[in-house]
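Enquirer: Dropping the structure in here first, questions after.
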Amino acid sequence: MWLFSAVVVFAATPPNIIFIFADDWGYGDVGVHGSSFCKTPNLDRMAKEGVDFANFTVNSPVCTPSRVAVMTGQFPARHSIHQHFQGIKAHIKRGMPDWLDSEAPMLPRMLKQAGYTTGHFGKWHLGSVKDSPTEDAYGYDRFATFNGSGKNEISKGGLSSVDHAERFIKDAAGPDGKGQPFFVNLWLHEVHTPHLPVERYMEKFKNLDEAERVYAAVIAEGDEAVGRIMTLLKELKIDDNTLVVFSTDNGPEKSTEDKGHKGQGMGKFYSVGETGGLKGEKRSLFSGGIRVPFVVRWPGVVPKGKVDKVSVVTAVDLLPTFLDAAGVSLPDGYTPDGESALAAFKGEGFKRSKPIFWEWRGGDNQAFTWPSLAIRDGKWKLLFNQETKKMELYDLENDWAEVTNVAVENPEIVQTLKRRLMKWKNSLPTEPSPKGLSRQRNK
Numbered sequence: 020m021w022l023f024s025a026v027v028v029f030a031a032t033p034p035n036i037i038f039i040f041a042d043d044w045g046y047g048d049v050g051v052h053g054s055s056f057c058k059t060p061n062l063d064r065m066a067k068e069g070v071d072f073a074n075f076t077v078n079s080p081v082c083t084p085s086r087v088a089v090m091t092g093q094f095p096a097r098h099s100i101h102q103h104f105q106g107i108k109a110h111i112k113r114g115m116p117d118w119l120d121s122e123a124p125m126l127p128r129m130l131k132q133a134g135y136t137t138g139h140f141g142k143w144h145l146g147s148v149k150d151s152p153t154e155d156a157y158g159y160d161r162f163a164t165f166n167g168s169g170k171n172e173i174s175k176g177g178l179s180s181v182d183h184a185e186r187f188i189k190d191a192a193g194p195d196g197k198g199q200p201f202f203v204n205l206w207l208h209e210v211h212t213p214h215l216p217v218e219r220y221m222e223k224f225k226n227l228d229e230a231e232r233v234y235a236a237v238i239a240e241g242d243e244a245v246g247r248i249m250t251l252l253k254e255l256k257i258d259d260n261t262l263v264v265f266s267t268d269n270g271p272e273k274s275t276e277d278k279g280h281k282g283q284g285m286g287k288f289y290s291v292g293e294t295g296g297l298k299g300e301k302r303s304l305f306s307g308g309i310r311v312p313f314v315v316r317w318p319g320v321v322p323k324g325k326v327d328k329v330s331v332v333t334a335v336d337l338l339p340t341f342l343d344a345a346g347v348s349l350p351d352g353y354t355p356d357g358e359s360a361l362a363a364f365k366g367e368g369f370k371r372s373k374p375i376f377w378e379w380r381g382g383d384n385q386a387f388t389w390p391s392l393a394i395r396d397g398k399w400k401l402l403f404n405q406e407t408k409k410m411e412l413y414d415l416e417n418d419w420a421e422v423t424n425v426a427v428e429n430p431e432i433v434q435t436l437k438r439r440l441m442k443w444k445n446s447l448p449t450e451p452s453p454k455g456l457s458r459q460r461n462k
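The sequence shown finishes on residue 462 if you use the numbering used here, and the numbering steps up by one all the way, no holes.
So, in structure tokens, the structure goes:
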């Protein structure tokens, strides 16, 4: 287990930190990003009161590995987590553990050991079998989850995750707002299937067609969650000392003709999210699958109304950034794949020194899902399929939407990036950690 003596270097009161992680939103599903039918007034207001990052990516095009990157500050492939947790047979086939090793480096544990009270509310999906660790094993004081261990389980719909988060924040802040600093993961269900729209939002969007009406209603409920948290912070008078970050775990789900769902709710027919013109969607290493909304707000520290189209920030940066904001040093012996982007949060500019790597083991060689590996270094992004040897290169500074493949014109860049990519690939573990394996594997 990663243990360390926290060294606090922050001169003022450490900030509260709230990370709101939605599910399957496209970059274009936000009002300020030009959504054609969704309304997100609270998130739009958050962007006007903070920084809206146009160049943020998650580290996987699907749920579980994307969340592993946030929790550990390391690329999910380092933990042999390549797709979503599902069942033991699927995990064995994918070369995955059955849950994220609870003794791996963990953001909540690091903050807890530095004096924060920690909470996780909403989606978990970092383990899905009966004997997986409970959420408190990862460094949480309080939790209430779905797709989790089954302890303190809550429903997916109805924003019960927000109810729990609000109670936690009130308790942590205390009656005078001067309580213990807190860290909250609020991981929303919206807009993953099953879609569970509420009547008041269905009524609001009754003029849209069937699919858009359901999708807009669910987006609106997720936006309501953002508004409730922002309102609470002001009521408790802790707004100025709270860093709030909103993002989503991957790009939008592709719509199909499936109107129903195996359980309660509506199916993929209603998954009509927008990428804002980006190529690809969920399950793709093209930008539509991994470039997602990312909005940061911290009054007095984060500038108001800034749209950052330059800073290249990614999900593994969150752990070192949050620790940096809290004035907490990284643990001895721990090497993050990310780096602190606090300067970007403050509007001071940020030039990353480390490349970003992706591995995706769920492709089926269709138009957008064929890349199994990718690297971004500076302005260049190379996508590669190991089996077919297919490669594409994009200049992201001049081709934000990845329209023009420039591999033929830049053979030296292609070969340099491919070498770096394969060196990284060859450094990854070939077997999952035994600490993440269920006893059921032996049955």
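By construction, the Cβ of each residue, glycine as well, lies at the ideal position given by its N, Cα and C atoms.
1) In the DSSP assignment, find the beta strand (DSSP E) that holds Asn204 and state where it starts and stops.
2) Is the region 78–92 in contact with the region 142–153, if contact means three or more CB pairs nearer than 8 Å?
3) Tell me the DSSP secondary structure of Phe288 in three-state form.
4) Counting along the chain, where does the alpha helix (DSSP H) carrying Gly246 start and finish?
5) Distance check for Gly53 and His214, CA to CA, integer angstroms please.
6) Please return the same chain residues whose Cβ sits closer than 7 Å to the Cβ of Tyr225, not counting the five positions on each side in sequence.
7) State buried or exposed for Gly45, treating a residue as buried only when at least 16 other CB atoms are found within 10 Å of its CB.
8) Drop a sphere of 10 angstroms on the beta-carbon of Arg310, count the other beta-carbons inside from all chains shown, and report buried for 16 or more, exposed for fewer.
9) Cα-Cα, which of Leu361, Ile39 and Tyr353 is closest to Ala344?
10) Would you please state the rounded distance, in angstroms, between the beta carbons of Pro318 and Asp228? I believe it to be under 8 Å.
11) Taking 7 Å as the threshold (C-beta atoms), are Asn35 and Thr250 in contact?
12) Between the alpha carbons of Ser179 and Ala41, how many angstroms are there, rounded?
13) So for Val70, helix, strand or coil by DSSP?
14) Using only alpha-carbon positions, find the residue among Lys108, Phe38 and Lys67 that is nearest to Gly50.
15) What did DSSP end up calling Phe305 once you bin it into helix, strand or coil?
16) Which residues bound the alpha helix (DSSP H) around Trp443?
17) Taking contact to mean 3 or more Cβ pairs, one atom from each stretch, closer than 8 Å, check whether the region 93–111 and the region 436–448 are in contact.
18) In terms of residues, what are the limits of the alpha helix (DSSP H) holding Arg297?
19) Over the uninterrupted alpha helix (DSSP H) stretch that includes Glu411, give me the two end residues.
20) Whole beta strand (DSSP E) runs in the region 143–197 with 3 or more residues, listed along the chain?
21) Using only the alpha-carbon positions, how far apart do Pro33 and Thr137 sit?
22) For Trp118, list the residues DSSP reports as bridge partners.
23) Just the Cα atoms here: how many angstroms apart are Lys400 and Glu172?
24) Expressed to the nearest angstrom, what Euclidean distance is found between the alpha-carbon atoms of Arg439 and Pro374?
25) Exposed or buried, what is Asn268 when buried is set at 16 or more other beta-carbons lying within 10 Å of its beta-carbon?
26) With a cut-off of 8 Å on the beta carbons, I'd call Asn204 and Phe38 a contact; round off their distance for me.
27) Looking only at its own chain, which residues have a Cβ that is under 8 Å from the Cβ of Gly296, when we skip the five neighbours before and after it?
28) So is Ala386 buried or exposed if we call it buried at 16+ other beta carbons inside 10 Å?
29) Return helix, strand or coil for Thr32, following the three-state DSSP convention.
30) Does DSSP put Glu450 in a helix, in a strand, or in coil?
31) Can you tell me which of Arg161, Lys58, Thr449 and Glu431 puts its alpha carbon nearest to the alpha carbon of Glu243?
32) Would you list the one or two residues that DSSP bridges to Ile375?
33) What separation, rounded to the nearest whole angstrom, lies between the Cα atoms of Phe29 and Gly346?
Expert: Concretely, from the data shown:
1) One-based indexing of the sequence shown puts residue 204 at position 185. Note, Asn204: beta strand (DSSP E), Phe201 to Trp206.
2) yes
3) What you label residue 288 is simply residue 269 of the sequence shown in a count that begins at 1. Helix.
4) In the sequence shown, counting from the first residue as 1, residue 246 sits at position 227. Glu229 to Glu254 is the span of the alpha helix (DSSP H), which, as asked, contains Gly246.
5) For the purposes of this step, residue 214 is taken as residue 195 along the sequence shown, with counting starting at 1. For the purposes of this step, residue 53 is taken as residue 34 along the sequence shown, with counting starting at 1. Rounded to whole angstroms, His214 to Gly53 spans 22 Å at the Cα level.
6) Your numbering for residue 225 matches position 206 in the sequence shown. The amino acid occupying residue 225 in the given sequence is Lys; Tyr does not appear at that position. Result list for Lys225: Arg232, in chain order.
7) Counting from one through the sequence shown, the residue named residue 45 turns up at place 26. With 16 or more Cβ atoms within 10 Å of its Cβ, Gly45 is classed as buried.
8) Counting from 1 along the sequence shown, the entry for residue 310 is found at position 291. Result: buried.
9) Position 325 of the sequence shown, counting from 1, holds the residue named residue 344. Nearest of Leu361, Ile39 and Tyr353 to Ala344, Cα basis: Leu361.
10) Numbered from 1 along the sequence shown, position 299 holds the residue referred to as residue 318. Numbered from 1 along the sequence shown, position 209 holds the residue referred to as residue 228. Rounded, the Cβ-Cβ distance is 39 Å, inconsistent with contact.
11) Residue numbering aside, residue 250 sits at position 231 when the sequence shown is read from its first letter. Residue numbering aside, residue 35 sits at position 16 when the sequence shown is read from its first letter. Result no, Cβ atoms of Thr250 and Asn35 do not sit closer than 7 Å.
12) In the sequence shown, counting from the first residue as 1, residue 179 sits at position 160. In the sequence shown, counting from the first residue as 1, residue 41 sits at position 22. Using only the alpha carbons, I get a separation of about 14 Å.
13) Taking the first residue of the sequence shown as position 1, residue 70 is located at position 51. Here Val70 sits in strand by DSSP.
14) Here residue 50 is taken as the residue at index 31 of the sequence shown, counted from 1. When only C-alpha atoms are compared, the closest one is Lys67.
15) Here residue 305 refers to the residue found at position 286 of the sequence shown. Three-state DSSP puts Phe305 in coil, outside helix and strand.
16) Here the question's residue 443 lines up with position 424 in the sequence shown. Run containing Trp443: Pro430 to Asn445, per the alpha helix (DSSP H) assignment.
17) yes
18) Position 278 of the sequence shown holds residue 297. It should be pointed out that residue 297 corresponds to Leu in this sequence rather than to Arg. Per DSSP, Leu297 belongs to no alpha helix (DSSP H) and is neither H nor E.
19) Looking up residue 411 in the sequence shown gives position 392. That residue, Glu411, is in no alpha helix (DSSP H); its beta strand (DSSP E) goes Met410 to Asp414.
20) 161–165
21) By 1-based counting over the sequence shown, the position of residue 33 is 14. By 1-based counting over the sequence shown, the position of residue 137 is 118. Roughly 14 Å between the two C-alpha positions.
22) For the purposes of this step, residue 118 is identified with residue 99 of the sequence shown, where counting begins at 1. DSSP lists Gly146 as partners of Trp118.
23) For the purposes of this step, residue 400 is taken as the residue at position 381 of the sequence shown. For the purposes of this step, residue 172 is taken as the residue at position 153 of the sequence shown. Cα to Cα, Lys400 sits roughly 40 Å from Glu172.
24) If you number the sequence shown from 1, residue 439 lands on position 420. If you number the sequence shown from 1, residue 374 lands on position 355. About 9 Å.
25) The residue given as residue 268 occupies position 249 in the sequence shown. According to the sequence provided, residue 268 is Asp. The question's Asn does not apply to it. Answer is buried; the Cβ neighbour count reaches 16.
26) One-based indexing of the sequence shown puts residue 204 at position 185. One-based indexing of the sequence shown puts residue 38 at position 19. The pair is a contact, with the Cβ atoms about 5 Å apart (cut-off 8 Å).
27) In the sequence shown, the residue the question calls residue 296 occupies position 277. Gly47 and Ala420.
28) Working through the sequence shown from its first residue, we reach residue 386 at position 367. By the 10 Å Cβ count, Ala386 comes out exposed.
29) Counting from 1 along the sequence shown, the entry for residue 32 is found at position 13. Thr32 falls in the coil class under three-state DSSP.
30) Translated into positions along the sequence shown, residue 450 becomes position 431. Coil at Glu450, not helix or strand.
31) The sequence position of residue 243 within the sequence shown is 224, counting from 1. Cα-wise, what sits closest to Glu243 is Lys58.
32) Your numbering for residue 375 matches position 356 in the sequence shown. According to DSSP, Ile375 bridges with Arg395.
33) For the purposes of this step, residue 29 is identified with residue 10 of the sequence shown, where counting begins at 1. For the purposes of this step, residue 346 is identified with residue 327 of the sequence shown, where counting begins at 1. Caution is warranted here: a pLDDT of 42 is assigned to Phe29, below 50, making its placement in the model unreliable, and the coordinate value is therefore given only provisionally. When rounded, the distance between both Cα atoms is 4 Å.
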